[in-house]
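Chemist:
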Amino acid sequence: MLLQELFAAGPASRADLARSSGLTRVTVSDLVAELLAEGLVEELGTPTESRVGKPPTLVGLVADAKHVVAIDLSVDDQIAGAVLTLEGQVVLRDARPREGRIGANAVALVREFAADLIARSSRPLLGVAVATPGVVTPEGVVLDAPNLGWHDLHLADDLAAALDLPVYVANDANTAVMGEFVFGSRGEGGLLLLRLSTGLGAGLVLGGALLHGQGGAAGEIGHVQVDPDGPLCGCGRPGCLETYLAVPRLRRELADASADRADAVLADAGARLGQALAPVVATLNLGEVVLSGPADLVEPLARVAEQAVRDRVMPVSAQQFVVRTSSLGDDGVLAGATGVVLAGELGVS
432 MLLQELFAAG
442 PASRADLARS
452 SGLTRVTVSD
462 LVAELLAEGL
472 VEELGTPTES
482 RVGKPPTLVG
492 LVADAKHVVA
502 IDLSVDDQIA
512 GAVLTLEGQV
522 VLRDARPREG
532 RIGANAVALV
542 REFAADLIAR
552 SSRPLLGVAV
562 ATPGVVTPEG
572 VVLDAPNLGW
582 HDLHLADDLA
592 AALDLPVYVA
602 NDANTAVMGE
612 FVFGSRGEGG
622 LLLLRLSTGL
632 GAGLVLGGAL
642 LHGQGGAAGE
652 IGHVQVDPDG
662 PLCGCGRPGC
672 LETYLAVPRL
682 RRELADASAD
692 RADAVLADAG
702 ARLGQALAPV
712 VATLNLGEVV
722 LSGPADLVEP
732 LARVAEQAVR
742 DRVMPVSAQQ
752 FVVRTSSLGD
762 DGVLAGATGV
772 VLAGELGVS
């Protein structure tokens, strides 16, 4: 509770923490002493404003007290990773080609890459987070990730045993929405983030909690059929939204299109995205939808999708609705992975 308060509101005195948490001052003092001993918080002196009586001493979270290792598997045929502070700031980053590895070979690559990042951290590690495409349970079991050849894979347990650290595995879109929610800019109400990468997935935070859904498959909007006569999707059905918005496919279409047709390719994809989003926006009365992915793609898609949603919902739902790009840019998934570890290890959200 104290870490949540310090993370969300910034430095506070022990008395302030007692009031906000409902704990006694003695309990707060004991807990702060433990956190000081662990190096997670530090005393920052007295506030600048003057008060009657003895001025209180502020305590604050030490962002660099521990590090988090984050790994992103959502980039096409690449594994990216970073060591980050508790505030989601990148200390060092690295990447290496996946070279088509799937199944056990892909697991071995993730394990080796994580071990390398761990060895390069200059601080004690709070934990490791892996963001992967596919359906992932809250326990870190990858139920289905076709692009990686993973099915019913207990990835979090396997990596935790190998690395001797707490390991969290989450869907890449869920991880990105955690990054936006914890470290980025968020408006009132729910937050829906769509991650454009090798595939297309969505993460949804409602009431401050990440929505997993039945079977952990919440956010699989990429496999909503938008055209029964469309191209065949990797899931086996034709015309899924993912077949129009997956980054590799958009890149190919844009490369093959003439200069005057490039805008039409993105306009078509954005319109289909808006078509799929409109019922979700109307049902949940969302004020904004966030797109995460390559900036040159998500920025024009956001403009088209916003108008497509506005054209399909009631004026009251569209009044202040926006589709915007992630405030965290390319680091959204990595920062979100830090948020996943913070939530799991420190209760911070």
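Taking this note's numbering, the leading residue of the sequence shown gets 432, the next gets one more, and so forth. Think of the CB as a built atom: it goes at the ideal place given N, C-alpha and C, for glycine as much as any other residue.
#1: What number of angstroms, rounded off, separates the C-alpha of Arg668 from the C-alpha of Glu651?
#2: Roughly how far, in whole angstroms, is the beta-carbon of Pro564 from the beta-carbon of Gly665, given that I think they are within contact range, below 8 Å?
#3: With three or more C-beta pairs closer than 8 Å as the rule, is the segment 633-646 touching the segment 585-595?
#4: Measure the alpha-carbon distance for Val472 versus Leu557 and round it to whole angstroms.
#5: Do Asp722 and Ala707 have their C-beta atoms within less than 9 Å of each other?
#6: How many Å lie between Arg524 and Pro486 at the Cα?
#7: What are the boundary residues of the beta strand (DSSP E) that includes Asn536?
#8: Pick out whichever of Ala698, Glu436, Gly661, Asp658 has its Cα sitting closest to the Cα of Arg734.
#9: Look up Asn605 in the DSSP assignment and say whether it is helix, strand or coil.
#10: Using only alpha-carbon positions, find the residue among Ala501, Thr756, Val744, Leu704 that is nearest to Val600.
#11: Which value, in whole angstroms, describes the spacing of the CA atoms of Pro710 and Arg542?
#12: Alpha helix (DSSP H) containing Asp588: first to last residue?
#13: Is Ser444 helix, strand or coil when you go by DSSP?
#14: My understanding is that Asp531 touches Asp503, with C-beta atoms under 8 Å, so please give their C-beta distance in whole angstroms.
#15: Which stretch, first to last residue, makes up the alpha helix (DSSP H) that contains Arg680?
#16: Is DSSP giving Thr477 helix, strand or coil here?
#17: Applying the 10 Å Cβ sphere with the 16-neighbour rule, what's the burial state of Thr674?
Modeler: Considering the structure as presented:
#1: The alpha-carbon atoms of Arg668 and Glu651 are separated by roughly 14 Å.
#2: Contact doesn't hold; Cβ gap of about 11 Å is too wide.
#3: Verdict: no, contact absent.
#4: Those two C-alpha atoms are separated by around 14 Å.
#5: Checking the sequence, you will find Leu at residue 722 rather than Asp. No, these two residues do not count as a Cβ contact at 9 Å.
#6: Arg524 and Pro486: Cα-Cα distance of roughly 42 Å.
#7: Per DSSP, Asn536 belongs to no beta strand (DSSP E); it is in the alpha helix (DSSP H), 534-551.
#8: Looking at the Cα atoms, Ala698 is the closest of the given residues.
#9: Asn605 sits in a helix when the DSSP states are folded into three classes.
#10: Ranking Ala501, Thr756, Val744, Leu704 by Cα distance to Val600 puts Ala501 first.
#11: Their backbone Cα atoms lie some 40 Å apart in a straight line.
#12: Residues 586-594.
#13: Strand at Ser444.
#14: In the sequence on display, residue 531 carries Gly and not Asp. Going by Cβ atoms, the distance from Gly531 to Asp503 rounds to 18 Å, so no, they are not a contact pair.
#15: Per DSSP, Arg680 belongs to the alpha helix (DSSP H) from 678-687.
#16: In the structure shown, Thr477 adopts coil according to DSSP, grouped into three states.
#17: The residue in question, Thr674, is buried, as its Cβ has 16 or more Cβ neighbours within 10 Å.
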